[in-house]
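Using the working numbering, the first residue of the sequence shown is number 366, and each one after it goes up by one.
Notes follow the structure.
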Amino acid sequence: MRRVVLCAIAVWCFAARAEAQTFDGYASVLIDRIGDASELRSRVFADCRRDLGSRITFTAAGFAEGLLGERGENGLTRAAILRPQELNVEARWRHADLRAGFSRVVWGRLDEFLPTDVVNPQDLTRF
C-alpha cells in the first residue's frame with residue numbers, strides 16, 4: 366500500500382507543467398572493501414514542490430537507502446529504509462501563512478558560535 370501511495374504522489378508531482386513545479390534530488394552509490402568484508406550502499410533523495418494555485422504549495426521530499434554487504438563468515442547482509450523528510454501543504458495570504466503536514470522548520474539564526482562548538486552552559490551567558 367505504501368508503494369502505491371508513493372507512486373501516486375510521484376506521478377502527481379511530475380504531471381504538472383514545468384514552470385509550476387520544481388524537482389531536485391540526487392543519487393549516490395558507495396562501495397567499500399576492508400579485509401574480507403565488502404559493502405554496497407546506495408541513497409536516493411528527491412524533493413518535489415508544486416504550486417496548486419497562486420497561494421497554495423504542496424511539498425513532498427524523502428529518501429530511500431539500501432545496503433548490501435558481505436561480512437566474511439557472517440554471510441550476506443541486506444537492509445533498506447524509506448523515510449519522508451517533508452510532506453506538507455502551505456497556504457499564504459497577505460498577513461498570514463499556514464503550513465499543515467510533516468515538515469522541517471528552521472527557527473531563528475545562529476550568530477555567536479558554530480553548532481559544532483562545545484559550549485559550557487555557564488559561559489553561554491556572556492553572549
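Quick reminder that beta carbons are idealized off the backbone N, C-alpha and C, glycines included.
Predicted model only: the values in this text are computed from it and were never measured.
request  = List the whole-angstrom C-beta distance separating S403 from E430, where the pair is believed to meet the contact cut-off of C-beta under 8 Å.
outcome  = As a position in the sequence shown, residue 403 is number 38, starting the count at 1. As a position in the sequence shown, residue 430 is number 65, starting the count at 1. Contact doesn't hold; Cβ gap of about 17 Å is too wide.
query = How many Å lie between G390 and G427 at the Cα?
reply = Taking the sequence shown and counting its residues from 1, the one referred to as residue 390 is at position 25. Taking the sequence shown and counting its residues from 1, the one referred to as residue 427 is at position 62. So the alpha carbons of these two residues sit roughly 9 Å apart.
ask   = Taking all protein chains shown into account, do 16 or more other C-beta atoms lie within 10 angstroms of the C-beta of T424, making it buried, or fewer, making it exposed?
value = Translated into the one-based positions of the sequence shown, residue 424 becomes position 59. The residue is buried, with at least 16 neighbouring Cβ atoms inside 10 Å.
Candidates D397, A465, W472: closest to L432 by CA position = For the purposes of this step, residue 432 is taken as the residue at position 67 of the sequence shown. Nearest C-alpha to L432: D397.
Burial state of R415 (16 or more Cβ within 10 Å) = In the sequence shown, counting from the first residue as 1, residue 415 sits at position 50. Buried, since its Cβ has 16 or more Cβ neighbours within 10 Å.
query = Does DSSP put R367 in a helix, a strand or coil?
reply = As a working mapping, residue 367 is identified with position 2 in the sequence shown. Of the three classes helix, strand and coil, the one that applies to R367 here is helix, per DSSP.
Three CB pairs or more closer than 8 Å across the stretch 435–453 and the stretch 462–472 = yes
Other residues of its chain near R443: CB distance less than 6 Å, five sequence neighbours each side excluded = The residue you call residue 443 lines up with position 78 of the sequence shown. The residues are L433.
key: Distance between V394 and L417 (C-alpha atoms, nearest Å)   = Here the question's residue 417 lines up with position 52 in the sequence shown. Here the question's residue 394 lines up with position 29 in the sequence shown. Spanning the two alpha carbons is a distance of roughly 34 Å.
ask   = Can you name, in chain order, every residue of its own chain whose Cβ lies under 6 Å from the Cβ of L405, other than the five neighbours on each side?
value = Here the question's residue 405 lines up with position 40 in the sequence shown. Answer for L405: I396, L433, listed in chain order.
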